[in-house]
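Residue numbers (this note's numbering): 5 to 373.
Encoded structure:
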């Protein structure tokens, strides 16, 4: 197994060509692979959870049948699954490529599966209420708020000991409460407590819930203590300046800071800008520009407040995303404001105003024939 929280590849080697049958199960999300009676020779290391896979189980399920079950961290779709003959050695290999998807897409795949096979009914005893509920509900405009860092990853720390993870969580909760005043907007958070989340897991959650907007919140430190003010970042494979490049490098190192290292799938080129659809990127830029305009004159901004860099947390190909540095903990004045309830209230109101305008824009775009 190899990959990350968005894409994973599973390869199983066989001495003979297997007859493979697959189906999906929910609660938890699982890919089930049925095989002829098979002797499993997996070593312990190869079964270590990686990427989207959280657990592997296998064994005999009938007199002549064996089963391999891959538990996933969330909804997924099987992009490809094939059995091919090895070119340079004897035997065969099964290759499965899976990608993170949304709850709605997974429910649709289960419903399609139910039409064509009795396997789901055999497992659950009937149609799942979760499927019909998910498919029957219309999608509500959804904003995913991502308070940066958390748990073992404290993020930046001010001279006086203020931790970035606490600042972003407090700000994120207040932003959530403000956004929820608009009954047309569904508001979710990647974390609501002091929990560590991998960068890829944050992106996966946004995709799972088909977020229409992803806002990642940060309050970093920087060598230049005189630099202060809010900054809005969007994704680019080339940083707009040295400050943006350094910021992205620090934020992208969050997983490693917590002692977690990702292993990319060997043949999956997860290049930031290749993954980002043009329309998604266009909406990200549009919201970023609107957010800067909403903050101007109300919240102190850095010079050239809309900047670009290769932030890993902004890489969802189908979710418009921005990263907001609400201020710098390395600057005493910014730190004071970040702790000030009246300033935070003004800041979240301006961000909420920008989100409301963006919501109207998206509605108008979707309403066009």
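We put the CB at the ideal spot given by N, CA and C, even for glycine.
The three-state reading of DSSP puts residue 110 in helix, counting H, G and I together.
Pairing residue 316 with residue 207 gives a Cβ-Cβ distance under 9 Å. The DSSP-derived three-state label of residue 183 is helix.
Comparing alpha carbon positions, the residue from 233, 106 and 239 closest to residue 334 is 233.
In the three-state reduction of the DSSP assignment, residue 178 falls in the helix class, which pools H, G and I. In terms of Cα proximity to residue 110, the closest of 83, 91, 356 and 90 is 83. Excluding five sequence positions before and after residue 14, the CB atoms of its chain that fall closer than 6 Å to its own CB belong to 5 and 100, given in chain order. For residue 75, the three-state secondary structure derived from DSSP is strand.
Per DSSP, the continuous alpha helix (DSSP H) segment holding residue 204 begins and ends at 203-212. Per DSSP, the beta-bridge partners of residue 40 are 69. As the crow flies, the alpha-carbon of residue 159 is around 25 Å from that of residue 354. Between the alpha carbons of residue 229 and residue 339 lies a gap of roughly 11 Å. For residue 325, there is no enclosing alpha helix (DSSP H); the enclosing beta strand (DSSP E) covers residues 325-329. Ranked by how close their Cα comes to the Cα of residue 112, the residues 43, 28 and 358 have 28 in first place. About 16 Å separates the CB atoms of residue 73 and residue 54; that is not less than 8 Å, and the two are not in contact. The secondary-structure analysis by DSSP pairs residue 84 across a beta bridge with 101.
For residue 35, the closest of 78, 69 and 47 by C-alpha to C-alpha distance is 78.
Look at the segment 309-353 and you find these whole runs of alpha helix (DSSP H), each 4 residues long or longer: 336-342.
Between residue 310 and residue 237, the C-beta spacing is below 9 Å. Rounded to whole angstroms, the Cβ separation of residue 39 and residue 70 is 5 Å, and the two are in contact under 8 Å. Distance from the CA of residue 90 to the CA of residue 41, rounded to the nearest whole angstrom, comes to 21 Å. The C-beta distance from residue 210 to residue 218 rounds to 5 Å, short enough to fall under 8 Å.
Taking C-beta atoms under 8 Å as the contact rule, residue 80 and residue 56 qualify, at a distance of about 6 Å.
For residue 12, the uninterrupted beta strand (DSSP E) segment begins and ends at 11-18. The beta-carbon distance between residue 351 and residue 252, rounded to whole angstroms, is 23 Å. This is too long to meet the 8 Å contact definition.
Residues 233, 234, 235, 296 and 299 of the same chain have their beta carbon placed closer than 8 Å to that of residue 305, with the five preceding and five following residues left out of the count.
CA-to-CA, the gap between residue 59 and residue 33 works out to about 11 Å. Here the C-alpha atom of residue 198 lies approximately 27 Å from the C-alpha atom of residue 187. Scanning its chain for C-beta atoms nearer than 6 Å, with the 5 sequence neighbours on each side dropped, one finds around residue 191 the residues 147, 180, 183 and 184, in chain order. From the listed residues 212, 12, 202 and 329, the smallest Cα separation to residue 102 is found for 12. The beta carbon of residue 367 lies closer than 8 Å to those of 145 in the same chain, with the five residues before and after it left out. In this structure, 170 is the residue among 170, 86 and 153 with its C-alpha nearest to the C-alpha of residue 343. DSSP, reduced to helix, strand and coil, places residue 195 outside both helices and strands of the structure shown, so it counts as coil. Proximity to residue 245 across 308, 255 and 97 peaks at 308, based on C-alpha coordinates. The residue from 17, 154 and 120 with its alpha-carbon nearest to that of residue 92 is 17. With 16 or more other CB atoms across the displayed protein chains lying within 10 angstroms of its CB, residue 212 is buried.
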